[in-house]
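Residue numbers (the working numbering): 6 to 192.
Glycine included, each C-beta is placed from N, C-alpha and C at the ideal position.
Reviewing the structure listed below.
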């Protein structure tokens, strides 16, 4: 996943300078997508050139001017496109960014993407469990190479169990999330 999309999500949540954005990455998005200050500044420049972000220069007393970035209409369109685009090889970081940005695009498309990934992880989990049952019917007496192979397989099983549980949690929450009020509801 290009860093651009993580930045679009973050700037959609709140406009900010490159420095502020880097701090946000350290404290929130950085939990699942990391980027250095230099990477963020380089990508912001490319995004500005592509018309995905607009920049407002804010004068500051005794300090250099501050450039505040906001997502432009072109940037919002790109974010909506990316959120709706299926990515069969997306990793956990990309899916976390898509989930975080779901409210800025097609939430149903993001939920469908997560559901597809849940299915793939569940299939992998089933395959790992079949290997465990076939090759390691009794782990109690394992040692040496066989023990090491078994422990690696158990790591894969545990990782896939965690992924499937997380997808189940997310998909359940998305199904129960009430739709935001419309203008009609406000009347």
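Cβ separation of residue 119 and residue 176, assumed to be a contact under 8 Å, to the nearest whole Å: Against the chain shown, residue 119 aligns to sequence position 114. Against the chain shown, residue 176 aligns to sequence position 171. The pair is a contact, with the Cβ atoms about 6 Å apart (cut-off 8 Å).
N- and C-terminal bounds of the beta strand (DSSP E) containing residue 74: Residue 74 sits at position 69 when you count from the first residue of the chain shown. 71 to 76 is the span of the beta strand (DSSP E), which, as asked, contains residue 74.
Spatial distance of residue 9 from residue 115 (CA atoms): In the chain shown, residue 9 corresponds to position 4, counting from 1. In the chain shown, residue 115 corresponds to position 110, counting from 1. If you take the alpha carbons of residue 9 and residue 115, they lie about 18 Å apart.
Status (buried if at least 16 other CB within 10 Å, exposed otherwise) for residue 105: Here residue 105 is taken as the residue at index 100 of the chain shown, counted from 1. Buried, by the Cβ-count rule.
Residue 34 to residue 56 span [Cα, whole Å]: Residue 34 sits at position 29 when you count from the first residue of the chain shown. Residue 56 sits at position 51 when you count from the first residue of the chain shown. If I take the Cα positions, the gap works out to 23 Å.
Beta-carbon proximity of residue 42 to residue 58, cut-off 9 Å: Translated into positions along the chain shown, residue 42 becomes position 37. Translated into positions along the chain shown, residue 58 becomes position 53. Result no, Cβ atoms of residue 42 and residue 58 do not sit closer than 9 Å.
Alpha-carbon spacing of residue 138 relative to residue 25, whole angstroms: Counting from 1 along the chain shown, the entry for residue 138 is found at position 133. Counting from 1 along the chain shown, the entry for residue 25 is found at position 20. If you take the alpha carbons of residue 138 and residue 25, they lie about 51 Å apart.
Cα-Cα separation, residue 173 to residue 123: Residue mapping note: residue 173 aligns to position 168 of the chain shown, counting from 1. Residue mapping note: residue 123 aligns to position 118 of the chain shown, counting from 1. Their backbone Cα atoms lie some 8 Å apart in a straight line.
Residues that residue 58 bridges to, as DSSP identifies them: Translated into the one-based positions of the chain shown, residue 58 becomes position 53. Answer is 76, bridged to residue 58.
Beta-carbon proximity list for residue 141, same chain, < 6 Å, skipping 5 on both sides: On the chain shown, residue 141 is found 136 positions in, with the first residue counted as 1. 155, listed in sequence order.
Enclosing alpha helix (DSSP H) for residue 130 [first to last residue]: For the purposes of this step, residue 130 is identified with residue 125 of the chain shown, where counting begins at 1. That run of the alpha helix (DSSP H) goes 112 to 140.
Where residue 96 falls: helix, strand or coil (DSSP): Taking the first residue of the chain shown as 1, we reach residue 96 at position 91. Residue 96 falls in the coil class under three-state DSSP.
Straight-line Cα distance separating residue 121 from residue 134: The sequence position of residue 134 within the chain shown is 129, counting from 1. The sequence position of residue 121 within the chain shown is 116, counting from 1. Straight-line Cα distance between these residues: approximately 20 Å.
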